[in-house]
Amino acid sequence: METTFDAIVIGSGISGGWAAKEFCEKGLKTLVLERGRDIKHIKDYPTATMAPWDFKHRGWVDKAYMDKNPLISKAAGFGDDTRHFFIQDADHPYIQEKPFDWIRGYQVGGKSLIWGRACQRWSPYEFTAPERQGYGMNWPIGYQDVAPWYSHVEKFIGVCGTKDGIEAMPDGEFLPAFGLNCVESHMRDKIREHFPDRHMVDARWANITKAEPIHLEQGRGNCQARNMCMRGCPFGGYFSSNSSTLPWAAKTGNLTVRPHSVVHSILYDEKTQKASGVKIIDALTMEEHEYHAKVIFVNASALNSNLILLNSKSARFPNGLGNDHDLLGKYVAHHNYRSGTGADVEGFEDKYYYGRNPTEPIIANYRNLGKQTMDFVGGYTIFTGAYRSRGKMIEGPQFGEDYKEALGQPGGWHTYMYMQGETIPKKENHVRLSETEKDQWGIPLLITSVGYDDNDVRMVKDFMQESKAMMEAAGCTNITSGDNHQAPGLDIHEMGGCRMGTDAKNSMLNKWNQMHLCKNVFVTDGACMTSTGNQSPSILYMALTVRAVDRAVSELNKRNL
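Counting the sequence shown from 1 gives a position; my numbering is that position plus 1227.
What follows is the structure in structure tokens.
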């Protein structure tokens, strides 16, 4: 195959797919490097239409597999129906200096096949809160810089939701929402009655409820409310690189995708003081190859992007590409998912809901908006919902004709809340390369050293108190909550290590996601994050990617790269 391209994109997941689409649409011959196997939309979704009885263990994973994969099997959405999109533990080792559950999916499309699909926009506060509340560094951009790119992304991928005018969660370009069920509507009204500053609304999700012409042109249709998204959706009802951006890029004739390509490092040219290309190791043959391009986008997923940059050593950059001030790999953060609350809801037994709704409501952040008002910094959003259990509870023996009949009737209503909290990026929370241990391709293993702090504990305590209070106000019973103490990483929202900023002395990237010290390398996945905010980050990665590609192409046309 050709070895020289206009642009190279490392990674084919949510941000990498968008980089490929934008570059190809703008006429650049683009190479996408993916370390995992190839996955084609529909063709490679082996469980997409299987019923529970088609699985040997009805969807449960057998004990032998669980014993071999104690880490990846913790992941949200992992099961016998989805495990083909997750790695196996032994194939991709790393070193945990502190407990860190690194959840990965290596294939064309990456974790876009298994993501949660939440698409809340960041509020203007989140870009400025770190400095204002004294726990970090401000972003070099604000909401107004990203807003038009949010719109660009939302229109293409299809995001359902409602326009609510909430300052903590700006409105966007939405398809119709699935809507709240009867108990969720009751919860919303009671929360608003007792807590006027709290808003329970339809969250924004990358599920198509009413396909627009742009979605039909992609070959995608409406979500069928099966709630089997992570198996791969043959309808294209939710957004993934495989169903959307990569096929769109391929239609231009400008796209080349090379799977089984483990990126070793980015090559640096001492004479031009720019990156000249990428060195990869073929995962199957173990052969080394080099590919060259004018511009390189790093979208390997946050920690892998850090690993690649740290391993990109040269005479000019002996500690990793662009790493003059030993900032690379530092200030890694994540989201705080350590607590959830559940309860029973009495009544409403004459009502049900349509299908298996793959979305859920959200309670927008109400803590520390604009100024710090709590004994912790940052905020948290709450995902919530209500459902009916399967099988009606009966008194007496749990067998026989009466029991069988009861199983065919819907049970009682239940509700839940779980938090997604901001954490503080700290220099001591970092990743680095092992000096002694390597993987099967000869690349140093990544060491993770990331932990919680007292701020996280205070935030968890506040969530547990307030979620209970809201459920009590709604008349819920049998309320339970707790701190699960899960390790960082299991949130699957790892961020930072190659953060944006205004100065090369305190950041790796400028306001265009461009490396301060290597101008033709851009990082637009989670590694670029200056802080974590409290909203789900994936749609921000997409918006930042589109914005950065627009800038990169403009600079290429001016011969500045």
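No residue lacks a Cβ here, since even glycine has one placed at the ideal position from N, Cα and C.
- Contact check for L1402 against G1388 passes: the beta carbons are separated by less than 9 Å.
- Straight-line measurement puts the Cα of S1566 at about 5 Å from the Cα of D1710.
- Counting along the chain, no alpha helix (DSSP H) covers V1748; the unbroken beta strand (DSSP E) around it starts and ends at C1745 to V1750.
- The straight-line gap separating the alpha-carbon atoms of M1457 and G1446 is approximately 19 Å.
- Residue N1737 holds the alpha-carbon nearest to the alpha-carbon of G1728 among N1737, H1720 and A1613.
- For W1640, no alpha helix (DSSP H) segment is defined; the enclosing uninterrupted segment is the beta strand (DSSP E) at P1637 to E1649.
- If only uninterrupted beta strand (DSSP E) runs of at least 3 residues are considered, those enclosed by the stretch 1654-1682 are 1657-1665 and 1671-1676.
- One thing to note: Q1347 has its Cβ within 9 Å of the Cβ of I1766.
- Taking the Cα positions, D1294 is about 37 Å away from R1726.
- Between the stretch 1745-1758 and the stretch 1519-1536, the count of C-beta pairs closer than 8 Å reaches three or more; the two stretches touch.
- Close CB contacts of E1782 within its chain, under the 6 Å cut and outside five residues either way in sequence, are with L1788 (chain order).
- Proximity to I1507 across H1516, T1231 and K1290 peaks at H1516, based on C-alpha coordinates.
- For S1765, the enclosing alpha helix (DSSP H) stretches over residues S1765 to N1784.
- Sixteen is the threshold: when 16 or more other Cβ atoms of the shown chains lie within 10 Å of the Cβ of H1268, as they do, the residue is buried.
- Counting C-beta atoms within 10 angstroms of its own C-beta, R1659 has 16 or more neighbours from the protein chains shown and is therefore classed as buried.
- Contact check between the stretch 1349-1366 and the stretch 1412-1424: fewer than three CB pairs, one atom from each, fall below 8 Å, which does not count as touching.
- A straight-line Cα-Cα distance of about 22 Å links G1336 and M1277.
- DSSP links W1432 through a beta bridge to A1345 and C1387.
- Looking at the DSSP output, T1707 bridges to G1569.
- In terms of Cβ geometry, A1560 and M1722 form a close pair [threshold 9 Å].
- In the DSSP assignment, M1293 falls within the alpha helix (DSSP H) that extends over K1290 to K1295.
- Only buried fits P1764, as 16 or more other CB atoms lie within 10 angstroms of its CB.
- DSSP places R1685 in the helix class (H, G or I) of the three-state scheme.
- Membership of A1246 in the alpha helix (DSSP H) is indicated by the continuous run I1241 to E1252.
- Around the Cβ of R1583, a 10 Å sphere holds fewer than 16 other Cβ atoms; the residue is exposed.
- A direct Cα-Cα distance of roughly 35 Å separates D1281 from V1489.
- Beta-carbon to beta-carbon, A1246 and T1772 are separated by about 5 Å, close enough to satisfy the 8 Å threshold.
- Within the stretch 1498-1556, the complete alpha helix (DSSP H) segments at least 4 residues long are 1529-1537, listed from N- to C-terminus.
- If you ignore the 5 residues before and after R1774, its C-beta comes within less than 6 Å of the C-beta of W1376, all in its own chain and listed in chain order.
- By the neighbour-count criterion, in which 16 or more other beta carbons inside 10 Å mark a residue as buried, P1367 falls on the buried side.
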